[in-house]
Amino acid sequence: MKKKRKIGRIIVGILLSYVAIVLISKYREKVYIREELQKPEVIAVIEKALRSLENNIIREPNGIVVSDKKIRNQDTSDRGVSENNIIKSYEIDYDKTQLNSWGFGIEAEISINGNPDLRIGLLISNKESTGRFEDKNKESENYQINSYSISREADDYLRDEEMKRPEIVALIKEELLKLDP
Numbered sequence: 093m094k095k096k097r098k099i100g101r102i103i104v105g106i107l108l109s110y111v112a113i114v115l116i117s118k119y120r121e122k123v124y125i126r127e128e129l130q131k132p133e134v135i136a137v138i139e140k141a142l143r144s145l146e147n148n149i150i151r152e153p154n155g156i157v158v159s160d161k162k163i164r165n166q167d168t169s170d171r172g173v174s175e176n177n178i179i180k181s182y183e184i185d186y187d188k189t190q191l192n193s194w195g196f197g198i199e200a201e202i203s204i205n206g207n208p209d210l211r212i213g214l215l216i217s218n219k220e221s222t223g224r225f226e227d228k229n230k231e232s233e234n235y236q237i238n239s240y241s242i243s244r245e246a247d248d249y250l251r252d253e254e255m256k257r258p259e260i261v262a263l264i265k266e267e268l269l270k271l272d273p
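This is the structure in structure tokens:
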């Protein structure tokens, strides 16, 4: 009888050790992801990606939309929040961020304009061949956004905005469709 209890305790000890290792590794992964997403160079890449929707659409003072590739490639990320921007603010949901299962970076979910239903998913990676966040001292040009995803609510929000400014949102949707393979 004592031998069975001893074997049972050993099995329970092994199972508890395994659970502890899994929980600790998940916790360390979440801490790592939070640290990566809070780096100034990663924040700059996220903001540039969110502004790329507006950067691809330049509004002239007379209201005409200019869609020239040379103009679109200009960096207008420093122009700040204006009434023409659709995305006025964003917040990263750290509970829904995770490492990409293929190892190509971090999948982050961002809510826009203070509404948690308006979500944009981003795949943030390192520009190295593996796309992994291995070197902690990378500069901002080594980070990139590989893909976007938009929630149905955010899409509906864009449709509502389209009723107000159809030329802007139509071009945004066109750019998003180009990103979708």
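Taking this note's numbering, the leading residue of the sequence shown gets 93, the next gets one more, and so forth. All C-beta atoms, glycine included, are put in the ideal place defined by N, C-alpha and C. Every value quoted in this text rests on a predicted model; they were computed, and no experiment measured them.
* Which of helix, strand or coil DSSP assigns to I178 -> Here I178 sits in coil by DSSP.
* **For L215: DSSP bridge partner residues** => E199 and S239
* To do: From the DSSP output, read off the bridge partner residues of L129.
  => The partner list for L129 (beta bridge, DSSP) is empty, contrary to what the question assumes.
* To do: Label S117 either buried or exposed according to how many other C-beta atoms from any shown protein chain fall within 10 Å of its C-beta, with 16 as the threshold for buried.
  => With fewer than 16 other Cβ atoms within 10 Å, it is exposed.
* Same chain only: Cβ atoms within 7 Å of E121, ignoring 5 sequence neighbours per side -> The beta carbon of E121 sits closer than 7 Å to those of L191, all from its chain and outside the five residues before and after it, given in chain order.
* Assumed close pair I198, I216 - CB separation to whole angstroms, cut-off 8 Å -> 5 Å
* To do: Could you check what DSSP says for N207 in three-state terms: helix, strand or coil?
  => strand
* Within 10 angstroms of its Cβ, does L269 collect 16 or more other Cβ (buried), or is it exposed? -> exposed
* Using DSSP bridges, identify the partner residues of I184. => I202
* Asked: Could you give the distance in angstroms between the alpha-carbon of D252 and the alpha-carbon of G213?
  -> 20 Å
* Asked: Going by Cα to Cα distance, which pick from S203, K180, N218 and I179 is closest to T189?
  -> It is S203 whose Cα lies nearest to the Cα of T189.
* What distance in whole Å lies between the Cβ atoms of E245 and L271, which are believed to be in contact at a cut-off of 8 Å? -> With a Cβ gap of about 19 Å, L271 and E245 do not count as contacting.
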